[in-house]
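**Q** My structure is below; once you've seen it, I'll send some questions.
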Amino acid sequence: MQDIAESLKVLADPARLQILRELTRNQNEKNLSVCDLAKRLEISQPNVSHHLKVLKTAGFISCQKDQRFCYYSVNLSSIGGTLNQVMEEIAPS
52 MQDIAESLKV
62 LADPARLQIL
72 RELTRNQNEK
82 NLSVCDLAKR
92 LEISQPNVSH
102 HLKVLKTAGF
112 ISCQKDQRFC
122 YYSVNLSSIG
132 GTLNQVMEEI
142 APS
């Protein structure tokens, strides 16, 4: 149950939810860099970097590196898995 609570803490931050929403909106076009996200969300680059690190550690996003930048994409199956775990704890089948 502690793992679920920790995952929900990650998702409870409004800035992280904005980042996840933006990554999800763009998943069919291209992955986004820290700079892309900072510009689109009007959040400072260091702040975006911090939130991306937290999301990546939780497994909710992944990163593909090229020569200069890291491009992020959302891991919807990981987020869905967390939400399924919550439902199993609240209302076991």
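Just so you know, the sequence shown maps onto residues 52 to 144 in the working numbering.
Backbone N, C-alpha and C define an ideal beta-carbon position, used for all residues, glycine too.
From a predicted model like this one, the values you see are computed outputs, not experimental measurements.
According to DSSP, what are the bridge partners of Ile112?
**A** For Ile112, which the question treats as bridged, DSSP gives the partners Val125.
**Q** Going by beta-carbon coordinates alone, are Asn82 and Tyr122 separated by less than 7 Å?
**A** Their beta carbons are under 7 Å apart, which means Asn82 touches Tyr122 by this criterion.
**Q** Rounded to whole angstroms, what's the CA-CA distance from Ser129 to Phe111? Just pull it up for me.
**A** Their backbone Cα atoms lie some 6 Å apart in a straight line.
**Q** Rounded to the nearest angstrom, how far is the Cβ of Glu139 from that of Met52, given a contact under 8 Å?
**A** At roughly 11 Å, the Cβ-Cβ gap does not stay under 8 Å, so Glu139 and Met52 are not in contact.
**Q** In angstroms, rounded to a whole number, what distance separates the CA positions of Ser100 and Glu93?
**A** Cα to Cα, Ser100 sits roughly 13 Å from Glu93.
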